[in-house]
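Asks:
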Amino acid sequence: MDDEQTEPRLRGKHPIEDLIYDRLVDAIIDKHLRAGEHVNEVKLAEAYDVPRSRVRRVLERLRDEDVVVFELNRGAFISRPTVEEARHVYEARRELELITVRLACERAGPADLDRLRAHLRVERDAFDKHDPGVNRIAGEFHYLIASIAGNPVIEKMLAVLIRRGVLIQSVYERKGGILCLTHEHERMVEHIAERRPQDAMDEMLHHFEHILASLDLSETRRLEADIYEFLRD
Ligand SMILES: [Zn+2]
1 MDDEQTEPRL RGKHPIEDLI YDRLVDAIID KHLRAGEHVN EVKLAEAYDV PRSRVRRVLE
61 RLRDEDVVVF ELNRGAFISR PTVEEARHVY EARRELELIT VRLACERAGP ADLDRLRAHL
121 RVERDAFDKH DPGVNRIAGE FHYLIASIAG NPVIEKMLAV LIRRGVLIQS VYERKGGILC
181 LTHEHERMVE HIAERRPQDA MDEMLHHFEH ILASLDLSET RRLEADIYEF LRD
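When we follow this note's numbering, the leftmost residue of the sequence shown carries the number 1, and every step to the right adds one.
1) Which residues bound the beta strand (DSSP E) around G75?
2) Does the distance between the C-beta of A149 and the nearest non-hydrogen atom of ligand 1 fall short of 6 Å?
3) Kindly list the residues whose CB is nearer than 6 Å to the CB of R94, restricted to its own chain and excluding five residues on each side of it in sequence; keep chain order.
4) Could you give the uninterrupted runs of the beta strand (DSSP E) lying entirely in the stretch 35-59, keeping only those of 3 residues or more?
5) I'd like to confirm something about A138: is its beta-carbon nearer than 6 Å to some heavy atom of ligand 1, or not?
6) Sorted by chain position, which residues of the same chain lie with C-beta nearer than 7 Å to I28's C-beta, five sequence neighbours on each side aside?
7) Just checking, does the stretch 100-116 make contact with the stretch 132-147 on the three C-beta pairs under 8 Å criterion?
8) Tell me whether C105 counts as near ligand 1, meaning its Cβ is closer than 6 Å to at least one heavy atom of that ligand.
9) Are L161 and A92 closer than 7 Å when you measure CB to CB?
10) According to DSSP, is V67 helix, strand or coil?
11) Contact defined as beta carbons within less than 8 Å: I believe R52 pairs with E41. What is the distance between those atoms, to the nearest angstrom?
12) At the level of alpha carbons, what is the spacing between L98 and M204?
13) Label A213 either buried or exposed according to how many other C-beta atoms from any shown protein chain fall within 10 Å of its C-beta, with 16 as the threshold for buried.
14) How would you write the range of the alpha helix (DSSP H) that S170 sits in, first residue to last?
15) Work out the CA separation of G133 and V83 for me, nearest whole Å.
16) Output yes or no for whether 7 Å exceeds the beta carbon distance between I211 and A104.
17) Name the two residues that bound the continuous alpha helix (DSSP H) containing L19.
18) Please tell me whether E85 and V58 are closer than 7 Å, where the distance is taken between their beta carbons.
19) Within 10 angstroms of its Cβ, does P15 collect 16 or more other Cβ (buried), or is it exposed?
20) State the Cα-Cα distance for the pair E155 and K129, rounded to the nearest angstrom.
21) What residues are listed by DSSP as bridge partners for L215?
22) For a test of the three-state rule: what should DSSP assign to G139, helix, strand or coil?
23) By DSSP, does L179 sit in helix, in strand, or in coil?
24) Once the 5 residues before and after R196 are set aside, which same chain residues still bring their CB inside 7 Å of it?
Put into structure tokens, the structure is as follows:
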């Protein structure tokens with residue numbers, strides 16, 4: 001795997017736009033930006049010393065990924081996924097990740113296994129220390145599996161779903177809920193190393209049951225979301 005695949009931040013023809021994009025996604029992960037919140041195009045352009053048109057392009061990219069919505073005369077807002085959208089996104093993500101983990105079992109070479117194990121050491125450390133960045137680090141595991149699967153089409157689709165998942169998590173996660181359990185990632189890597197696709201897929205399925213259980217997609221939350229939508233209209 002080359003550097004381009006391990007370092008998505010360096011991709012693309014417009015590095016400053018990629019940077020702003022990554023910073024906005026990070027701000028959602030870290031909850032500095034929340035669902036429904038206004039994104040100030042002018043301030044962003046000033047902060048990065050770029051024309052507004054470039055910030056606009058970043059926001060349009062996020063809109064195309066359903067992370068941002070534009071409202072007439074009001075500007076850009078972080079979108080607020082409904083319970084139904086949340087269920088659909090996670091279902092789609094689970095099905096794609098069953099494919100990526102199976103392909104990773106077939107295609108992972110020694111260097112890929114080294115990358116996975118190096119990642120797990122960092123993730124284990126963050127998990128044990130209750131590092132507040134643990135969800136972000138654990139999320140990287142899923143990108144890594146997708147890149148090892150070696151299918152850029154699936155990788156791109158999944159990246160969009162993972163980002164929407166971050167937003168869903170910021171709205172619906174249960175208090176103190178932890179999204180990814182590191183020991184499940186560790187078991188998946190063992191299955192990949194031993195080339196056991198069925199076991200790896202079973203573990204991924206189990207992993208998604210836990211991820212969904214960490215979200216509150218109940219009727220109450222559905223009503224709260226609806227009321228919010230109602231107030232905004
Ligand atoms: Zn995970």
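Just so you know, even glycine gets a beta-carbon here, dropped at the ideal spot from N, CA and C.
Replies: In short, the structure shows the following:
1) 75-78
2) no
3) F208
4) none
5) yes
6) I78, V166, L167, S170
7) yes
8) no
9) yes
10) coil
11) 6 Å
12) 7 Å
13) exposed
14) 152-172
15) 25 Å
16) no
17) 15-29
18) no
19) exposed
20) 30 Å
21) E173
22) helix
23) coil
24) C105
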